[in-house]
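First residue of the sequence shown? That's 232 in the working numbering, and the numbers climb one at a time after it.
Glycine is no exception: its CB is placed at the ideal position from the N, C-alpha and C atoms.
Since the structure is predicted, the reported quantities are computational estimates derived from the model, not experimental observations.
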Amino acid sequence: MAIDVHPHHVPRGRPELGRPGAPRLRADSEREATILVVSPAPVLTLGGVRDRPPSHYLGRFSVDSAVFDERVLRLLVDTLGEDHVMLGSDYPHPLGESPAGDLIRRAGFLPGTARAELLAADAEAFLG
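Right under this line is the structure:
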């Protein structure tokens, strides 16, 4: 088993327990367990053997369309299904498309029904 502890959960004054600026720190479980005991809000990723391949779990995920490239959007739709991809934006950051959903509207591979699902229906179903 591996336990990942993000550096922002390492207590101040304990530099031996983490490296500031690292996206995450993986080390032996004893050291990570120590961090979990002294940290107020640990973030865990448990690794190990799965009895099913990762593809088995794909139907449980939904993703947004803020990918900025039609080829990537197509990969998401082909991999997850059009009912698991929904409109997304980087609002309030000016990094994404304007207006939001422009990539979906321009995607030539999407039939009209799928386009409507990605623009509204999928998010409505996801949010209830």
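When the Cα atoms are used, Ala297 and Gly359 turn out to be separated by approximately 21 Å.
Beyond the five residues adjoining it in sequence on each side, Leu289 comes within less than 7 Å, by CB distance, of Thr310 and Leu311 in the same chain, given in chain order. Considering only Val303, Leu307, Pro325 and Leu350, the residue with the shortest C-alpha distance to Gly332 is Leu350.
Scanning the region 315-358 from its first residue to its last, the whole alpha helix (DSSP H) runs of 4-plus residues come out as 333-337, 343-347 and 353-358. If you draw a straight line from the Cα of Asp321 to the Cα of Pro284, it comes to about 31 Å.
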